[in-house]
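Oh and the sequence shown: position 200 is 200 in full-length UniProt numbering, straight run, nothing missing. Right, one structure below, let's go through it.
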Amino acid sequence: MINRIIWWSIGPRMLLRACFVTLLFLPAIIALGLSVIPDEDRILWIVLVPFVHVAGDAISRLLSKWRRWITETLIVMIVLTSVYSVFGMTNAGAVTVLAYGFFMIQGTIRPSNGQLFDVHQAYYAISFFMYLIITFWYRNNTEHEGYVWLMNIAGILTLVLCLFVFNHINMNKESYSDSSSGAPVSRSIVRQNRLLVSIVAILVFLVASISWIGEMLNRVFGSLYEWLRRLLATSPDDNQPIEQPEQNMPDNLMSEPPADHGWFMQLLEKIFMFIGGALAVVLVLWLGYKLLRKLPIIAKLIEQWMQRLSRKERLAASDAGYEDEIEQVEHERGASRLRKWSSSLLRGRTEDMWDKLPDNAARIRDLYRNALLRRERHGYAPKPQLTPRETAVDLQHKKSLAAAELPKPLVELYERARYSASPIDSSEAQQARELEQQLTMKKK
């Protein structure tokens, strides 16, 4: 009974994450479906993609005690067997194996911090370019107009959703999990961020759907004009559309191409359209300037929000030699795996630097930096605005993560090395190093 309740609580989260990942890669899914999947199976093929992701997630949870290569081998065998029974050895079968295999293996990759919408940053960039390129490629495709509309709507929804996800990530960076100090982030900052993200989302929606709005207005005005023409008609014959009489032109006139005398008018039309567009942009900028002059609080809120997004609200300066190790860890985020792999290819890059550092202060600072990098790989997000003691307290409250807490002697020695000029004994530095190694070995 308990296991059933747990699965009912985990199931919706699995489905929501699968839908989010599917939304990121929806243009590629639709493009592959339009290319090789038969018409009668295409809709079902697209709809099954998130459920394939859920299946991979469920298999990885059920076989969590097994080795990862066993789980992935089982997934590949399931995909190959099911696809071969439906499509056989065809192009549709090969594409289905690649697509379904990717999403099923992607379902086995769960974020270490437990966040529902946490994916690698490269996925957002790939999704943006896919929506940009594929929707532009199919923009004039009248045969599959419904799929084009689906991609446009999904693109707007993905962009707005990613705005809220990025905002939530930055809010977590500013949070502090010490419950004794009250709420992690002040309510004013939360309201301000949500308001600004909502305004940006509305603007993005209006800009992305401006062509649809123009087409809808043209249809509305056309229908209104037709209704007024029929309403003001003086006789029933006026309601009939005007037919142009057919004229039989002589063969000698039809054989000669008509002279093109409208090139000058077309040039003038393009010039006026360019000038009109430039004037429209200037008018919008002028209205925005006047609005900011009348309501300076909006400019102040936007400036504060952009400073938090760009991580410029720091108490410590970023000059050479005066940068905290936690800020260096933040700069290395996202590149640690690539740096670790590239360092393993070069001799001497992975060796211990403890004895090569000039003094104990440099050794403690390097030890603290490596400790933060280790905990970041286990799902902890370092926060540059926290002091070393606050970072240690924040790690103590992260019970759900696999990251170990920081040793107290290491924190105290780092504060001495970072903020004072008092010397550090070799025995103290060695003791902090041994404690960090013991905590790391326990977590392994």
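Quick reminder that beta carbons are idealized off the backbone N, C-alpha and C, glycines included.
Counting pairs of beta carbons, one from the stretch 109–126 and one from the stretch 63–77, are three or more of them closer than 8 Å? no
Which same chain residues end up closer than 8 Å to residue 408 when comparing Cβ atoms and leaving out the 5 residues on each side of it in sequence? 392
Given a cut-off of 8 Å, decide if residue 151 and residue 27 are closer than it, judged by their beta-carbon atoms. yes
Could you check if residue 289 is buried or exposed, using at least 16 other CB atoms within 10 Å of its CB as the buried criterion? exposed
For residue 51 and residue 106, what's the separation of their Cα atoms in angstroms? 12 Å
Report yes or no: do the stretch 124–136 and the stretch 72–90 share at least 3 C-beta pairs separated by less than 8 Å? no
Buried or exposed: where does residue 271 fall if 16 or more other Cβ atoms within 10 Å of its Cβ makes it buried? exposed
Give the DSSP-derived three-state secondary structure of residue 221 in the structure shown. helix
8 Å Cβ cutoff met for residue 108 and residue 56: yes
Run of the alpha helix (DSSP H) containing residue 39, from where it starts to where it stops: 39–62
Do you know how far the Cα of residue 384 is from the Cα of residue 425? 28 Å
Looking at C-beta atoms only, is the number of pairs between the stretch 362–373 and the stretch 427–434 that lie closer than 8 Å three or more? yes
Who are the near neighbours of residue 200 in its chain, counting only those whose CB is closer than 8 Å to its CB and skipping five residues on each side? 163
Using 8 Å for Cβ pairs, my map puts residue 16 next to residue 116. What's the rounded Cβ distance? 6 Å
Which word fits residue 388, buried or exposed, when buried means at least 16 other C-beta atoms lie within 10 angstroms of its C-beta? buried
Which whole-angstrom value is the C-beta distance of residue 32 and residue 83, which I expect to be below 8 Å? Not quite, the Cβ-Cβ distance comes to about 13 Å (not below 8 Å), so this is no contact.
Spatial distance of residue 419 from residue 99 (CA atoms): 53 Å
If we ignore side chains and look at the alpha-carbon of each, how far apart do residue 321 and residue 421 end up? Confidence at residue 321 is low in this model, with a pLDDT of 47, below 50, so its placement is unreliable and the value that follows should be read with caution. In a straight line, the C-alpha of residue 321 is about 14 Å away from that of residue 421.
Cβ shell of residue 357 (< 7 Å), same chain only, five flanking positions each side left out: 363, 366
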